[in-house]
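Read in order, the letters of the sequence shown correspond to residues 1 to 330 in the UniProt record's numbering.
Note that beta-carbon positions come from the ideal geometry of N, C-alpha and C, so glycine has one too.
Quick notes on the structure that follows.
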Amino acid sequence: MKTVLLACDIYDQTNPKLSQEWESFDTISHMESTIESLGYEVVVLNDATEITSALSGIPKSNRKNWIVWNLIEGYLSPSREAYIPALCEYLGIPHTGSHAAVQTLTLDKYKTKLYLESFGIKTSKSQLILHGSESLKIPYPIFIKPNGEGSSLGISDQNIIRSEMEWKLRVPNLFNEYAPLLVEPYISGRELTAAVMGNQGSYEVLPIAYVDYPSETYHEGIKSKSEFLESLDFQVPKSIANQLQEISLQIANLLGVSGYIRIDYKLEDQSIYFLEVNATPGFSAIYSTLPLLWEKSERSYAELLKKSLELGFEEFLIQKRFQYGKDQIK
1 MKTVLLACDI YDQTNPKLSQ EWESFDTISH MESTIESLGY EVVVLNDATE ITSALSGIPK
61 SNRKNWIVWN LIEGYLSPSR EAYIPALCEY LGIPHTGSHA AVQTLTLDKY KTKLYLESFG
121 IKTSKSQLIL HGSESLKIPY PIFIKPNGEG SSLGISDQNI IRSEMEWKLR VPNLFNEYAP
181 LLVEPYISGR ELTAAVMGNQ GSYEVLPIAY VDYPSETYHE GIKSKSEFLE SLDFQVPKSI
241 ANQLQEISLQ IANLLGVSGY IRIDYKLEDQ SIYFLEVNAT PGFSAIYSTL PLLWEKSERS
301 YAELLKKSLE LGFEEFLIQK RFQYGKDQIK
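Structure below.
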């Protein structure tokens, strides 16, 4: 029997800011029971020492029969989403999702925009605020957000800045807590989201949806661990959906994505602007977007988890990046 190690951070209600991106206990339990129903043995660990000890303790001859589901988000580090894939690659153990380089790049919104823009992906102008004293190069109104956070952490309606006075009032506190900051022109159009499943050469774009939310911005207060407060509107015009499918496939190929990603866009005056990529998306059947996009294609949550695991094992078999780890355990 193959074994799945769910390596996870579990949401801590006493420290919501640092654990905003972490999955809830209920989500982990639901994933565990669903994966067990697929015929796997499941081990759940949420402690770094226990995870590293468990992985290094797997008999070398049996490592190909284990897979680590990467749900580690960490905090305060630009490489935090790369911990698990880098460790698994080094030890010669399969894992879900993309490799460490993809995880590290996509956590940096500014560098991701620059990279994709160099290949013709349309995105808004941007400026990185590294020191807090830079002269603003983008005209008002602007939108400012943490460059390396997910789950809308550090975002509220106050992030829309329309004047120098608002800049001076709001930016210092935001910078002190979330530096570096990313500045972009404020785009007032609707947000869209897409998800791509698959490994290189076999990508599939899931149904595309508008993301609607009960405020001017998609902020951290909308993210809930008990319900889906935003709404997905799948009534996307075919012409827009076709463009997004093409762009999303191009992005997946340019990044070299494995397993799954979610990509966010803004639509203004019929122009599509790339916003950001999430290479470690949530897997809650209740409050995460990717599972809802998957289920819109008339496939079950269990099928989503099954597919994700199969893609991880497939990646391990065919990708050269695992060769060093494999050679160490011969």
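- Query: Which whole-angstrom value describes the C-beta separation of E153 and P146, a residue pair presumed to lie in contact below a C-beta threshold of 8 Å?
  - Reply: Here residue 153 is taken as the residue at index 153 of the sequence shown, counted from 1. Here residue 146 is taken as the residue at index 146 of the sequence shown, counted from 1. Residue identity check: residue 153 is Leu in the sequence provided, not Glu. Right, their Cβ atoms sit about 6 Å apart.
- Query: Is the Cβ-Cβ distance between K2 and Y40 less than 9 Å?
  - Reply: By one-based count along the sequence shown, residue 2 stands at place 2. By one-based count along the sequence shown, residue 40 stands at place 40. Going by C-beta atoms, K2 is nearer than 9 Å to Y40.
- Output the distance between the C-alpha atoms of L130 and L181, rounded to the nearest integer angstrom. Looking up residue 130 in the sequence shown gives position 130. Looking up residue 181 in the sequence shown gives position 181. Computed Cα separation, rounded: 7 Å.
- Item | Minimum C-alpha distance to N176 - residue among S133, S258 and E50 | On the sequence shown, residue 176 is found 176 positions in, with the first residue counted as 1. Of S133, S258 and E50, the residue nearest in Cα terms is S133.
- Stretch-stretch touch, CB-based, cutoff 8 Å, three pairs: the region 89-96 with the region 37-51: no
- Which of helix, strand or coil DSSP assigns to Y218: Locating residue 218 in the sequence shown gives position 218, counting from the first residue. For Y218, the predicted structure reports a pLDDT of 49, less than 50, and the residue's modelled location is therefore unreliable. A value from the coordinates is still provided. Reduced to three states, the DSSP call for Y218 is coil.
- Three or more C-beta pairs below 8 Å linking the region 228-241 and the region 70-86: no
- Quick one: what does DSSP say Y265 is sitting in, helix, strand or coil? Position 265 of the sequence shown holds residue 265. Strand at Y265.
- Using the C-alpha atoms, what's the distance from D269 back to A7? Along the sequence shown, read from residue 1 onward, the residue named residue 7 stands at position 7. Along the sequence shown, read from residue 1 onward, the residue named residue 269 stands at position 269. Spanning the two alpha carbons is a distance of roughly 42 Å.
- S56 versus A86: straight-line alpha-carbon distance, rounded: Against the sequence shown, residue 56 aligns to sequence position 56. Against the sequence shown, residue 86 aligns to sequence position 86. When rounded, the distance between both Cα atoms is 13 Å.
- Message: Quick check on the burial criterion: 16 or more other C-beta atoms within 10 angstroms. Buried or exposed for F119?
- Response: Here residue 119 corresponds to residue number 119 of the sequence shown, with the count starting at 1. F119 comes out exposed.
- Query: To which residues of the same chain is E191 closer than 6 Å at the C-beta, ignoring the five residues directly before and after it?
  - Reply: In the sequence shown, counting from the first residue as 1, residue 191 sits at position 191. If we look at E191 and ignore the five residues flanking it on each side, its Cβ neighbours are V211 and K266.
- Message: Could you pull the DSSP bridge partners for R63 from this structure?
- Response: Here the question's residue 63 lines up with position 63 in the sequence shown. Per DSSP, none; premise fails for R63.
- Would you tell me roughly how many angstroms separate the C-alpha atoms of T27 and S284, rounded to the nearest one? In the sequence shown, the residue the question calls residue 27 occupies position 27. In the sequence shown, the residue the question calls residue 284 occupies position 284. Each residue's Cα considered, the two are about 5 Å apart.
- With respect to the beta strand (DSSP E) encompassing L181, which residues constitute its N-terminal and C-terminal limits? Your numbering for residue 181 matches position 181 in the sequence shown. Start and end: L181 to P185.
- Message: What does the alpha-carbon distance come out to for the pair C88 and L249?
- Response: Working through the sequence shown from its first residue, we reach residue 88 at position 88. Working through the sequence shown from its first residue, we reach residue 249 at position 249. If I take the Cα positions, the gap works out to 26 Å.
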